[in-house]
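**Q** Quick mapping for you: the protein sequence lines, in order, are chains A and B.
So in the working numbering, spot 30 of the first sequence is number 30, and the numbers just go up one at a time.
Each number in the working numbering corresponds to the 1-based position in the second sequence with 1000 added.
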Amino acid sequence: MNDSNRKMELVCPAGNLPSLKIAVNNGADAVYIGFKDDTNARHFAGLNFNDQRARDGIAYAHQHGSKVFVAINTYPQPSGWQRWQDAVDHAAQLGVDALILADIGIMDYAAERWPDLRLHLSVQGSATSQESIDFYHRNFGIQRAVVPRVLSLKQIKSVCENSPVPIEVFGFGSLCVMVEGRCLLSSYVTGQSPNTFGACSPASAVQWKETDAGLETRLNNVLIDCHTKDESAGYPTLCKGRFKVNNNTYHAMEEPTSLNTMALLPELQQAGVAAIKIEGRQRSPAYIEQVSKVWRAALDACQRDPENYQPQASWLEALEQVSEGTQTTLGAYHRPWQ
Amino acid sequence: MAPITARGSNNMSASTPKLSLGPILYYWDRDSVYEFYRQIAQTPVDIVYLGETVCSKRRLLRDQDWLEIAAQLEQAGKQVVLSTLTLIEANSELSKLKNICNNEQYMIEANDMAAVNLLSGKPGFVTGPAINIYNSRTLQLLASQGLRRWVFPVELSRDTLADMQQQRPEGIETEVFVYGRLPLAFSARCFTARHHNLQKDDCQLRCIEDADGMLMSTREEAPFLVINGIQTQSAKSCNLISDIEDMKQLGVDILRISPQAKSTVEIINIFHACLHGKKSVQAAAIELEALSPTGTCNGYWHGGAGMELAEQHLNKTSSEA
Chain A
1 MNDSNRKMEL VCPAGNLPSL KIAVNNGADA VYIGFKDDTN ARHFAGLNFN DQRARDGIAY
61 AHQHGSKVFV AINTYPQPSG WQRWQDAVDH AAQLGVDALI LADIGIMDYA AERWPDLRLH
121 LSVQGSATSQ ESIDFYHRNF GIQRAVVPRV LSLKQIKSVC ENSPVPIEVF GFGSLCVMVE
181 GRCLLSSYVT GQSPNTFGAC SPASAVQWKE TDAGLETRLN NVLIDCHTKD ESAGYPTLCK
241 GRFKVNNNTY HAMEEPTSLN TMALLPELQQ AGVAAIKIEG RQRSPAYIEQ VSKVWRAALD
301 ACQRDPENYQ PQASWLEALE QVSEGTQTTL GAYHRPWQ
Chain B
1001 MAPITARGSN NMSASTPKLS LGPILYYWDR DSVYEFYRQI AQTPVDIVYL GETVCSKRRL
1061 LRDQDWLEIA AQLEQAGKQV VLSTLTLIEA NSELSKLKNI CNNEQYMIEA NDMAAVNLLS
1121 GKPGFVTGPA INIYNSRTLQ LLASQGLRRW VFPVELSRDT LADMQQQRPE GIETEVFVYG
1181 RLPLAFSARC FTARHHNLQK DDCQLRCIED ADGMLMSTRE EAPFLVINGI QTQSAKSCNL
1241 ISDIEDMKQL GVDILRISPQ AKSTVEIINI FHACLHGKKS VQAAAIELEA LSPTGTCNGY
1301 WHGGAGMELA EQHLNKTSSE A
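(1) Using a beta-carbon distance below 8 Å, is Arg-1219(B) in contact with chain A?
(2) Mind checking the stretch 1075-1093 of chain B against chain A and listing, in chain order, the residues whose C-beta falls within less than 9 Å of any C-beta there?
(3) Beta-carbon of Met-262(A) versus every beta-carbon of chain B: anything under 8 Å?
(4) Which chain A residues are close to Met-1307(B), counting only those with a beta carbon under 7 Å from its beta carbon?
(5) Assuming Thr-1053(B) contacts Leu-1085(B) under a Cβ cut-off of 8 Å, what Cβ separation, rounded to an integer in Å, is found between them?
(6) Would you call Asn-1298(B) buried or exposed, if buried means 16 or more other Cβ atoms sit within 10 Å of its Cβ?
(7) Please report the distance separating the alpha-carbon of Gly-1171(B) from that of Phe-1224(B).
(8) Counting only Cβ pairs nearer than 7 Å, list the residues of chain A close to Phe-1186(B).
(9) If we ignore side chains and look at the alpha-carbon of each, how far apart do Met-253(A) and Asn-260(A) end up?
(10) Are at least three pairs of beta-carbons, each pair with one atom in the stretch 1239-1246 of chain B and one in the stretch 173-193 of chain A, less than 8 Å apart?
(11) At a Cβ cut of 9 Å, what residues of the stretch 129-142 of chain A count as close to chain B, listed as they run along the chain?
(12) If you compare alpha carbons, which of Tyr-60(A), Glu-9(A), Lys-157(A) is closest to Ala-271(A)?
(13) Just checking: is the beta-carbon of Gly-1304(B) within a distance shorter than 8 Å of some beta-carbon in chain A?
(14) Please report the distance separating the alpha-carbon of Pro-1044(B) from that of Asp-97(A).
(15) Determine the direct distance from the alpha carbon of Arg-1149(B) to that of Thr-1127(B), and round the result to whole angstroms.
(16) At a Cβ threshold of 8 Å, is Glu-1155(B) touching chain A?
(17) Taking Cβ-Cβ distances shorter than 9 Å, what residues in chain A pair up with Ser-1237(B)?
(18) Verify the CB distance criterion: does Met-1164(B) have a CB-CB separation below 8 Å to chain A?
(19) Please list the residues of the stretch 189-208 of chain A that have a C-beta atom closer than 8 Å to any C-beta atom in chain B, keeping them in chain order.
(20) Quick check on Arg-1058(B) - is its C-beta less than 8 Å from some C-beta in chain A?
(21) Looking at C-beta atoms only, is the number of pairs between the stretch 221-241 of chain A and the stretch 272-288 of chain A that lie closer than 8 Å three or more?
(22) Roughly how many angstroms separate the alpha carbons of Ala-41(A) and Phe-140(A), rounded to a whole number?
(23) Looking at C-alpha atoms only, which residue of Asp-1201(B), Phe-1271(B), Asp-1163(B) is the closest neighbour of Ile-1230(B)?
(24) If you draw a straight line from the alpha carbon of Leu-1205(B) to that of Arg-1058(B), how long is it in whole angstroms?
(25) I want to know whether the stretch 181-190 of chain A touches the stretch 213-229 of chain A - three or more CB-CB distances under 8 Å.
(26) So, for Ala-110(A): in the same chain, excluding its five sequence neighbours on each side, which residues have a beta-carbon less than 7 Å away from its beta-carbon?
(27) Sort Tyr-136(A), Glu-255(A), Phe-172(A), Pro-13(A) by Cα distance to Pro-166(A) and report the nearest one.
(28) Check whether the Cβ of Gln-338(A) lies closer than 8 Å to any Cβ atom in chain B.
(29) If the cut is a Cβ gap below 9 Å, which residues of chain A does Thr-1160(B) touch?
(30) Mind reading off the beta-carbon distance from Gln-124(A) to Gly-181(A)? Whole number of angstroms is fine, and I expect it under 8 Å.
(31) Going along the stretch 143-158 of chain A in order, which residues come within less than 7 Å of chain B, judged by CB to CB distance?
(32) List the DSSP bridge partners of Pro-13(A).
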């Protein structure tokens, strides 16, 4: 589905009510949120929305012309099924604008119980081709798919052209080098993964220890990295640690960088991308403010005059300041092959 | 759900599961692959999964080569299933996938939802471990589309399987990954190429140098993960030999062994002997530990971290046997 004249939507994260309001005030077309349990992929302590906060947030967004999407994008097992089903019912009754779902069973339930509710396929659904998106469209009538951060620009274009539904892509934020929904590294080490628990490298498994060699970071006792005094120690997300392969110690999987596709906006618009998603429900209201403001300005500039669009230095500077690892990359989008 | 200790001792319906051999996850040269399956044909394994599931650039064996091997294995009495790629990105990969899914002679194993979509409505297909079937409603929906067999996702526990077996749709076979390095993650990035400082599009297929993948250790030398191109595996081999009695009781139909560079035939023989009461679980566990490149684990099955080894269960199962 290619509609390159359509205005790309800005979809911003919110981990709490103040962040939601800030995103709305700074130009988010839609804000995505989660409930306070393992039904969403940012299941962190102190984050997310209870019933009253969700009600207030939805009312605020709707008053200001923004939409609210609820992410119920982890994979329920039989023992927890009811919690996911309740989350779908709860969101539907709150009058949200769309559910972001990953699990086939939950999607089947939502489509049957709430046939008028708009469904989006979550990035956790790992759909990397039009053929897999078609499965969810054919069976559950999804109206949008969020595609994993592993696709190149050329592949995004091709998916947009051939997909039965509009495509949402990640524009900015922390970068998963693995295909979302298909990474079990976290549960291999800690017993909890994004699929099962809604968190990667969960804080409860993290250990920090000062040693003579430096600051050690461990996850359930597995050494993820060791930082000398001159190095800044980031959160020990396990794919971003330094490991030893054939006597070389290096970031064997991923450098701790952030994704930033701002320079590619005209091409994404041309490809017919329907929405740009910002990662970071776990980030502070200050992050949400910077990122929403800058991305609103960039999307507007690109929409007005795509041919002469150029990211402004002040935008990039503002984004660099809130980036993880203070280094940004185009991720897979710039890959030349295939 | 019933705890392990409450299992019925008079469950006469428990039958002996079949043994399967999963697809080769590494890049081996053509002669090695042919020789490997020549040996596999002589083993008591019942089902063999064939084909490249990790990287579309690994093309030493063409489709007709795989079909030739399939015919040889079939002649030796094995059921053959054609496995498909796990991460479908490029249109070229999609076309190749369509070709395989159009094969009507063999069952197909889907490892991506694109394959599930292509196989929907066809006579019967299998889902591999990378298809997220985490609950009964998902299993039922896929069964209604023609699923005949599913491989239980490796990160889930026996308690979840117990729940799902109770609701299992009629005619669906359950397969469990019981031995081998666990497929844990897939990426667009090739970590083997990265290790050699090569771009992925000029990777020179260096993964052919590592018949069991490339070991990644922590900075204190503990074997941790294995790099296999775009796939990341566990360094420890999953080994559920101590749990096969439990699996029989749960009505598991098929036990999957994942190929490794050495000793795959011995591993099949050990499982077969154990399943048919010709070898004790303890003896088998000790032998398998010695044949695993960097140790074993069984944590996922027991509801913990995948890398853990729940040894107390070994004693429990053996005392029940």
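Cβ coordinates follow ideal geometry from the N, Cα and C atoms, glycine included.
Because the structure is a prediction, the values reported are computed rather than measured.
**A** On the basis of the supplied data:
(1) Interface residue, yes.
(2) Against chain A - using a Cβ distance shorter than 9 Å - the residues of the stretch 1075-1093 of chain B are Thr-1086, Leu-1087, Ile-1088, Glu-1089, Ala-1090, Asn-1091, Ser-1092, Glu-1093.
(3) It does not; no Cβ of chain B falls within 8 Å.
(4) At a C-beta separation below 7 Å, Met-1307(B) has these neighbours in chain A: Tyr-188, Val-189.
(5) Cβ-Cβ separation between Thr-1053(B) and Leu-1085(B): approximately 6 Å, consistent with a contact (criterion under 8 Å).
(6) Result: buried.
(7) So the alpha carbons of these two residues sit roughly 39 Å apart.
(8) Chain-ordered, the chain A residues with CB closer than 7 Å to the CB of Phe-1186(B) read Met-178, Val-179, Arg-182.
(9) Taking the straight line joining both Cα atoms gives about 19 Å.
(10) The stretch 1239-1246 of chain B vs the stretch 173-193 of chain A: no contact.
(11) Cβ contacts with chain B: Ser-129, Gln-130, Glu-131, Ser-132, Ile-133, Asp-134, Phe-135, Tyr-136, Arg-138, Asn-139.
(12) Lys-157(A) is the residue among Tyr-60(A), Glu-9(A), Lys-157(A) whose C-alpha sits nearest the C-alpha of Ala-271(A).
(13) By this cut-off, Gly-1304(B) is an interface position.
(14) Rounded to whole angstroms, Pro-1044(B) to Asp-97(A) spans 56 Å at the Cα level.
(15) Approximately 7 Å between the Cα atoms of the pair.
(16) Cβ-Cβ to chain A under 8 Å: yes for Glu-1155(B).
(17) Within 9 Å Cβ-Cβ: nothing; Ser-1237(B) doesn't reach chain A, min ~13 Å.
(18) Interface residue, yes.
(19) Listed in sequence order: Val-189, Thr-190, Gly-191, Ser-193, Asn-195, Thr-196.
(20) Not a single CB atom of chain A sits nearer than 8 Å to the CB of Arg-1058(B).
(21) With a cut-off of 8 Å, the stretch 272-288 of chain A and the stretch 221-241 of chain A do not count as touching, because too few Cβ pairs lie within range.
(22) Their backbone Cα atoms lie some 21 Å apart in a straight line.
(23) Out of Asp-1201(B), Phe-1271(B), Asp-1163(B), Asp-1201(B) has the C-alpha closest to the C-alpha of Ile-1230(B).
(24) Between the alpha carbons of Leu-1205(B) and Arg-1058(B) lies a gap of roughly 7 Å.
(25) The stretch 181-190 of chain A, when compared against the stretch 213-229 of chain A, does touch it at the 8 Å Cβ threshold.
(26) Its chain contains Val-88, Leu-99, Leu-101, Leu-117, Leu-119 as the residues whose beta carbon lies nearer than 7 Å to that of Ala-110(A), once the 5 sequence neighbours on both sides are disregarded; these appear in chain order.
(27) For Pro-166(A), the nearest C-alpha among the options comes from Tyr-136(A).
(28) Here Gln-338(A) scores only 34 on pLDDT, less than 50, and its place in the model should not be relied on; the value that follows carries that caveat. Closer than 8 Å to some Cβ of chain B, the Cβ of Gln-338(A) qualifies, so yes.
(29) Gln-77, Pro-78, Ser-79, listed in chain order.
(30) With a beta-carbon spacing of about 4 Å, Gln-124(A) and Gly-181(A) fall inside the 8 Å limit used to define contacts.
(31) Taking 7 Å as the upper bound on Cβ-Cβ separation, chain B lies near residues Val-150, Leu-151, Gln-155, Ser-158 of the stretch 143-158 of chain A.
(32) Per DSSP, Tyr-32(A).
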